[in-house]
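Novice:
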């Protein structure tokens, strides 16, 4: 057997650079890195020598570098991914939040945090976490519950089994998620005689698992018997590349489609079978279909509480639930009739079993009525009083009117996820929302990841002032790498979304808007100057018309553009229709009358909540 002597770090880099997609590209596009003790001498040396065979990019924060990598994988429909490496200690634990985000959203990312010395010579080494009762513990154990595959590389030969397992998980449609290889720093520098065959290029195929024919027959029978079926479109439709298949299925069999956050834009909003967003942040047209449905067919969805109105939305007493999912865990949730398989394959097989069957007609006018309401709600207000602050819906309308088929609206947390799901009229593929983990601070880094994955698209990042303050430093990275996108920063001077939820559950305004916080002076943050200081083009829009002009001008730039606009924090996006109950527990005992009243409403609403059975 022919061998080659390499350090473990050199072997890892060489192996990663040889793992290919069916399209002839590296599955791992490159490595985001912040070096420190624990990865600079071993992995840093190996990456520098690799050069363009596996590019390395410098970021500003380990968490946001990983957010960029995750957004890239999502925008690539999980067909490619990126790696992220950190030092031991805080560099590593900074990535734990990103690992959780990738885990919840079922997205591939390869995390390579440095780890303590395997030989335990310098014990404790700088930044080492010590467990008084367990000498094997390291800070990287935090990754275990939020990784699909976790391994600690404490011997060079561990890579021979760990790396193939890592790639198997990242390319498996059912198991897909974050992989963590905690890499002991002395092991990185140790040499080993690796088989040369280990580094031969390998193509990783993302498979399409076939469903059981008996399950297909069961679902076809349920569809034929149903009087009011509805399809819930989840992110699995997009990852399967089943967008056209879903549209054809819905049209042929007369079954309307409603969307989750992850599934939005699988069908363009203009598609006649797309009745819009479902659930808590749902459209009037979609939720009416859901409430009347006697058969709910989930395709690639987790049936998260926002989608289901905390299981109070699908309320027909004889309602049946079907869940089509590549992951058996998701397919079996809530007692569903489960079909385990690839979304595209499953829809094709169910359609074949249905033949020419078409469900009873539904009201197509409700969809058009809702879209007309959206247009009116998102239009710019006229004859406004002095000091008027635009609503978030008006901001969305401004972006909508300047959008093209290439525009992607993206966000993650705060007011805008619900507002965009409800109001944004997306072209196919024109929506990117991280709402599985709803992580504040994902937005700027995520926008960069999307643009890197889809450079021909017009990426518009919606971010509130609260999320911007949490994580904005990758704006400087985007400037350095000349990655252009547009940031629409809505400044409502605090956490407006949570403030409204606080008030809606009977609470006093407290610790969310700056004006209700325990501070000595109200902040006066100049977001324009801040963004400009990192090299972005930055401007303040004085009104909605001015915002539209700034958005159009941003498209010709080679750097990010940040447009700041002051908005009203007190009004939510769905006040003119749509939306459903959400289970947010209200205190059972309080000396505040508003809380007691909210509790009464909460108890009454609980009576409509039901499990899927």
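In this note's numbering, the protein residues as written are 2 to 614.
All C-beta atoms, glycine included, are put in the ideal place defined by N, C-alpha and C.
Bear in mind the structure is a predicted one, so any value in this text is a computation, not a measurement.
Distance, Cα to Cα, residue 111 vs residue 81?
Specialist: Here residue 111 refers to the residue found at position 110 when the chain shown is read from its first residue. Here residue 81 refers to the residue found at position 80 when the chain shown is read from its first residue. Taking the straight line joining both Cα atoms gives about 11 Å.
Novice: Report the option in 440, 196, 476 and 507 whose CA atom is closest to the CA atom of residue 97.
Specialist: The sequence position of residue 97 within the chain shown is 96, counting from 1. The residue with the shortest Cα to Cα distance from residue 97 is 440.
Novice: Looking at residue 413 and residue 443, is the spacing between their C-beta atoms short of 9 Å?
Specialist: Reading the chain shown from its first residue, position 442 is the one you call residue 443. Reading the chain shown from its first residue, position 412 is the one you call residue 413. It is a contact, given that the beta carbons lie within the stated cut-off.
Novice: Residue 358 by DSSP, collapsed to three states: which one?
Specialist: Counting from 1 along the chain shown, the entry for residue 358 is found at position 357. Coil, per DSSP.
Novice: What does a CB cutoff of less than 6 Å around residue 117 pick up in its chain, not counting 5 residues either side in sequence?
Specialist: Here residue 117 corresponds to residue number 116 of the chain shown, with the count starting at 1. Hits under 6 Å: 126, 129 and 139.
Novice: Are residue 350 and residue 254 close, meaning C-beta to C-beta below 9 Å?
Specialist: Mapped onto the chain shown, residue 350 falls at position 349. Mapped onto the chain shown, residue 254 falls at position 253. No; because the gap between Cβ atoms is not below 9 Å, this pair is not in contact.
Novice: Pull up the CB-CB distance for residue 450 and residue 70, whole angstroms please, since I reckon it's below 8 Å.
Specialist: Stepping through the chain shown from its first residue, residue 450 is reached at position 449. Stepping through the chain shown from its first residue, residue 70 is reached at position 69. Contact holds; Cβ gap of about 7 Å.
Novice: Among 362, 72 and 31, which one has its Cα closest to the Cα of residue 228?
Specialist: Stepping through the chain shown from its first residue, residue 228 is reached at position 227. Minimum Cα distance to residue 228 is reached at 362.
Novice: Name the residue from 257, 88 and 279 whose alpha carbon lies nearest to the alpha carbon of residue 185.
Specialist: Walking along the chain shown from the start, residue 185 turns up at place 184. For the residues 257, 88 and 279, the minimum Cα distance to residue 185 belongs to 88.
Novice: Considering residue 240, what are the terminal residues of the alpha helix (DSSP H) in which it resides?
Specialist: Within the chain shown, residue 240 is the residue found at index 239, counting from 1. Looking at the DSSP string, the run of the alpha helix (DSSP H) that includes residue 240 is 236 to 240.
Novice: First and last residue of the alpha helix (DSSP H) that includes residue 278?
Specialist: Taking the first residue of the chain shown as 1, we reach residue 278 at position 277. It is not in any alpha helix (DSSP H) - residue 278 instead sits in the beta strand (DSSP E) that spans 275 to 278.
Novice: Are the CB atoms of residue 327 and residue 344 within a distance shorter than 9 Å?
Specialist: Counting from 1 along the chain shown, the entry for residue 344 is found at position 343. Counting from 1 along the chain shown, the entry for residue 327 is found at position 326. The answer is yes: Cβ separation under 9 Å.
Novice: Is it buried or exposed, residue 285, if we count other Cβ atoms within 10 angstroms and call 16 or more buried?
Specialist: Sequence index remark: in the chain shown, residue 285 carries index 284 (1-based). By the neighbour-count rule (16 or more Cβ atoms within 10 Å), residue 285 is buried.
Novice: In chain order, what residues of the same chain lie with their CB nearer than 6 Å to the CB of residue 406, ignoring the 5 residues before and after it?
Specialist: Counting from one through the chain shown, the residue named residue 406 turns up at place 405. Around residue 406: 428.
Novice: Is it the case that the Cβ atoms of residue 13 and residue 223 are separated by a distance below 9 Å?
Specialist: As a working mapping, residue 13 is identified with position 12 in the chain shown. As a working mapping, residue 223 is identified with position 222 in the chain shown. Their beta carbons are not under 9 Å apart, which means residue 13 does not touch residue 223 by this criterion.
Novice: Can you tell which of 513, 236, 602 and 497 has its C-alpha closest to the C-alpha of residue 435?
Specialist: Here residue 435 refers to the residue found at position 434 of the chain shown. If we check each option's Cα against that of residue 435, 236 comes out closest.
Novice: Please determine, among 83, 79, 76 and 55, the residue with the shortest C-alpha to C-alpha distance to residue 66.
Specialist: Along the chain shown, one-based indexing puts residue 66 at 65. Comparing Cα-Cα distances from residue 66 to each of 83, 79, 76 and 55, the minimum goes to 83.
Novice: Would you report the Cα separation of residue 293 and residue 560, rounded to the nearest angstrom?
Specialist: Along the chain shown, read from residue 1 onward, the residue named residue 293 stands at position 292. Along the chain shown, read from residue 1 onward, the residue named residue 560 stands at position 559. Cα to Cα, the separation comes out at about 48 Å.
Novice: So which of 33, 204, 520 and 319 has the shortest CA-CA distance to residue 453?
Specialist: Along the chain shown, one-based indexing puts residue 453 at 452. Comparing Cα positions, the closest option is 33.
Novice: Note the first and the last residue of the continuous alpha helix (DSSP H) segment covering residue 58.
Specialist: Here residue 58 corresponds to residue number 57 of the chain shown, with the count starting at 1. Run containing residue 58: none in the alpha helix (DSSP H); it sits in the beta strand (DSSP E), 57 to 59.
Novice: Taking residue 307 and residue 282 to be in contact with their CB atoms under 8 Å, please state how far apart those CB atoms are, rounded to whole angstroms.
Specialist: Counted from its first residue, the chain shown places residue 307 at position 306. Counted from its first residue, the chain shown places residue 282 at position 281. Residue 307 to residue 282, Cβ: 6 Å. Contact.
Novice: On the DSSP letters alone, give me the boundaries of the beta strand (DSSP E) that residue 334 sits inside.
Specialist: Position 333 of the chain shown, counted from the first residue, corresponds to residue 334. Neither: residue 334 is in no beta strand (DSSP E) and is coded neither H nor E.
Novice: Hey, would you say residue 274 sits closer than 9 Å to residue 243, going by beta carbons?
Specialist: Taking the chain shown and counting its residues from 1, the one referred to as residue 274 is at position 273. Taking the chain shown and counting its residues from 1, the one referred to as residue 243 is at position 242. No, Cβ-Cβ distance for residue 274 and residue 243 is not below 9 Å.
Novice: Pair every Cβ in the region 490 to 508 with every Cβ in the region 463 to 476, then say whether three or more of these pairs are closer than 8 Å.
Specialist: Yes, the region 490 to 508 touches the region 463 to 476.
Novice: Which residue comes first and which comes last in the beta strand (DSSP E) that contains residue 324?
Specialist: Counted from its first residue, the chain shown places residue 324 at position 323. That run of the beta strand (DSSP E) goes 321 to 326.
Novice: I'd like to know whether the C-beta atoms of residue 43 and residue 9 end up nearer to each other than 9 Å.
Specialist: The residue labelled residue 43 in the question sits at position 42 within the chain shown. The residue labelled residue 9 in the question sits at position 8 within the chain shown. Yes; because the gap between Cβ atoms is below 9 Å, this pair is in contact.
Novice: Beta carbon of residue 545, beta carbon of residue 381: below 9 Å?
Specialist: Along the chain shown, one-based indexing puts residue 545 at 544. Along the chain shown, one-based indexing puts residue 381 at 380. Taking 9 Å as the Cβ cut-off, residue 545 and residue 381 qualify as a contacting pair.
Novice: With a threshold of 16 other CB atoms inside 10 Å of the CB of residue 120, please say whether the residue is buried or exposed.
Specialist: In the chain shown, the residue the question calls residue 120 occupies position 119. It is exposed - the Cβ of residue 120 has fewer than 16 other Cβ atoms within 10 Å.
Novice: Suppose you measure from the CA of residue 378 to the CA of residue 27; what does that come to, to the nearest Å?
Specialist: By one-based count along the chain shown, residue 378 stands at place 377. By one-based count along the chain shown, residue 27 stands at place 26. Rounded to whole angstroms, residue 378 to residue 27 spans 45 Å at the Cα level.
Novice: How many angstroms separate the CA atom of residue 11 from the CA atom of residue 62?
Specialist: On the chain shown, residue 11 is found 10 positions in, with the first residue counted as 1. On the chain shown, residue 62 is found 61 positions in, with the first residue counted as 1. Looking at the two C-alpha atoms, the distance is approximately 24 Å.
Novice: Are the region 562 to 582 and the region 418 to 428 touching, with three or more C-beta to C-beta distances below 8 Å?
Specialist: As far as the Cβ criterion goes, the region 562 to 582 touches the region 418 to 428, which means the pair count is three or higher.
Novice: Whole angstroms is fine: what's the gap from residue 587's alpha carbon to residue 59's?
Specialist: Mapped onto the chain shown, residue 587 falls at position 586. Mapped onto the chain shown, residue 59 falls at position 58. Going from the Cα of residue 587 to the Cα of residue 59 covers about 45 Å.
Novice: Applying the criterion that 16 or more other CB atoms from any shown protein chain within 10 Å of the CB defines a buried residue, is residue 417 buried or exposed?
Specialist: For the purposes of this step, residue 417 is taken as the residue at position 416 of the chain shown. Per the 10 Å Cβ criterion, buried.
Novice: Quick one: complete beta strand (DSSP E) runs, 3+ long, within the region 382 to 431?
Specialist: Runs of the beta strand (DSSP E) inside the region 382 to 431: 408 to 412.
Novice: Distance, Cα to Cα, residue 38 vs residue 124?
Specialist: Taking the chain shown and counting its residues from 1, one reaches residue 38 at position 37. Taking the chain shown and counting its residues from 1, one reaches residue 124 at position 123. Rounded to the nearest angstrom, the two C-alpha atoms are 14 Å apart.
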